[in-house]
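Asks: Right, I'll just put the structure down here and ask away after.
2 protein chains.
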Amino acid sequence: MIPRALASATLKPIVLSLLAEGESYGYEIIQRILDLSDGQMQWTTGTLYPFLHSLENEGLVEAYWQAVENAPRRKYYRLTLSGRHALLQEKQQWINVNRILMKLWGPSPELAWT
Amino acid sequence: MIPRALASATLKPIVLSLLAEGESYGYEIIQRILDLSDGQMQWTTGTLYPFLHSLENEGLVEAYWQAVENAPRRKYYRLTLSGRHALLQEKQQWINVNRILMKLWGPSPELAWT
DNA sequence: GTAACCTATGTTGACTTTCAACGTAGCCCG
DNA sequence: CGGGCTACGTTGAAAGTCAACATAGGTTAC
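Set out below in structure tokens:
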């Protein structure tokens, strides 16, 4: 299992990246992260729902309700332009942090970027 | 500036890595991280000192007081065997998280692992 | 028809982490 | 002797996390 601090640090980039691929909603995002991480990242609704609300308050995403046949209604989230900028920034910050760790660990074949 | 969550996620691996290179003490560790990150990671004593105490409680480091000429005494920290194992684990977890992000971002030349 | 489970959104209360601010103290410089 | 640096530490307020709870519609199986 990935430790809380590390999962926490990647929540924003991951959610923004998923939404960059297309609109989605809370419940699905939780499942997709669980799937993407082979079960190593298990976000709960108590974390993700408030987090999505904060993204909305920051203007990084827009939300709308969608009625669905034979299922509860869903609250879909869509990236805004501002959200796309934020995603680029997140990627850049990841690169910066990586550079710092590489200063300590050195280039390692087992860490190859693939 | 690196966001809090990301800095937080790297504190443990960075401190363990620094101590793997040799013994050090709180005040110096703060300076070395500041230097290593080109000023992007500014840990305060309110965070680092309690964190070092928790590493000690976990048995990852050992501490001893050292008197110094013309300066206040220092509390030096040294990695234990258990701490070395923890460092390896931290590296592995970083690799895992990286793999997850790469699934989303794909191999990118600008992210080359050097 | 009802129990069990899944989808889907949300809140709450307890816990942990973080940080600016403060406190203590020794040293050096002008 | 005031200012700044080194060096350890704590505190109180704010923020983040999560198990648990609440609500509600749907399906499956018996």
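As they're listed, the protein sequences go chains A and B. Residue numbers for the first sequence follow the numbering used here, beginning at 1060 and rising by one. Residue numbers for the second sequence follow the numbering used here, beginning at 1060 and rising by one. The beta-carbon is built from N, C-alpha and C at its ideal position, and this holds for glycine as well.
Does any CB atom of chain A fall closer than 8 Å to the CB of B/N1129?
Replies: Not closer than 8 Å to any Cβ of chain A, the Cβ of B/N1129 fails to qualify, so no.
Asks: Taking a contact to mean a Cβ-Cβ separation below 8 Å, would you say A/W1164 touches B/S1076 in this structure?
Replies: The answer is yes: Cβ separation under 8 Å.
Asks: Quick one: give me the first and last residue of the alpha helix (DSSP H) that A/W1164 is part of.
Replies: Run containing A/W1164: 1140–1164, per the alpha helix (DSSP H) assignment.
Asks: Should B/G1098 be labelled buried (16 or more other beta-carbon atoms within 10 Å of its own) or exposed?
Replies: Exposed, since its Cβ has fewer than 16 Cβ neighbours within 10 Å.
Asks: Following the continuous beta strand (DSSP E) through B/E1121, name the residue where it begins and the one where it ends.
Replies: Counting along the chain, the beta strand (DSSP E) containing B/E1121 begins and ends at 1120–1127.
Asks: May I have the straight-line CA-CA distance separating B/P1131 from B/Q1125, to the nearest angstrom?
Replies: C-alpha separation (whole angstroms): 9 Å.
Asks: Spatial neighbours of B/K1150 within its chain, please: CB distance less than 6 Å, with the 5 preceding and 5 following residues excluded, ordered by chain position.
Replies: Around B/K1150: no qualifying Cβ.
Asks: Closer than 8 Å, CB to CB, is A/I1159 near chain B or not?
Replies: Yes, its Cβ sits closer than 8 Å to a Cβ of chain B.
Asks: Suppose the cutoff is 6 Å on Cβ atoms and the five residues either side in sequence are ignored; what does the same chain contact list for A/T1173 look like?
Replies: Unreliable placement is indicated for A/T1173, whose pLDDT of 38 sits below 50; the coordinate value is still reported in the next sentence. Once the five neighbours on either side are set aside, A/T1173 has no close Cβ partner at all.
Asks: I'd like to confirm the pairing. Which residues does DSSP put opposite B/Y1084 in its beta bridges?
Replies: According to DSSP, B/Y1084 bridges with B/Y1135.
Asks: Could you please tell me which residues of the segment 1137–1161 of chain B, in chain order, have their CB closer than 8 Å to any CB of chain A?
Replies: Residues K1150, Q1152, W1153, I1154, N1155, V1156, N1157, I1159, L1160, M1161.
Asks: Starting from A/A1130, follow its DSSP beta bridges and name the residues at the other end.
Replies: Beta-bridge pairing links A/A1130 to A/V1127.
Asks: Using 8 Å as the limit for Cβ to Cβ distance, is A/W1102 near chain B?
Replies: False, the Cβ-Cβ gap to chain B never drops below 8 Å.
Asks: When burial is assigned at 16 or more other CB atoms within 10 Å of the CB, is A/S1113 buried or exposed?
Replies: The residue in question, A/S1113, is exposed, as its Cβ has fewer than 16 Cβ neighbours within 10 Å.
Asks: Got a sec? Which residues, its chain only, sit under 7 Å from B/Y1123 by beta carbon, not counting five neighbours each side?
Replies: Result list for B/Y1123: Y1135, in chain order.
Asks: Alpha carbon to alpha carbon, what distance is there between A/S1141 and A/T1106?
Replies: Distance between the alpha carbons of A/T1106 and A/S1141: 22 Å.
Asks: Helix, strand or coil for A/D1097? Go by DSSP, reduced to three states.
Replies: Here A/D1097 sits in coil by DSSP.
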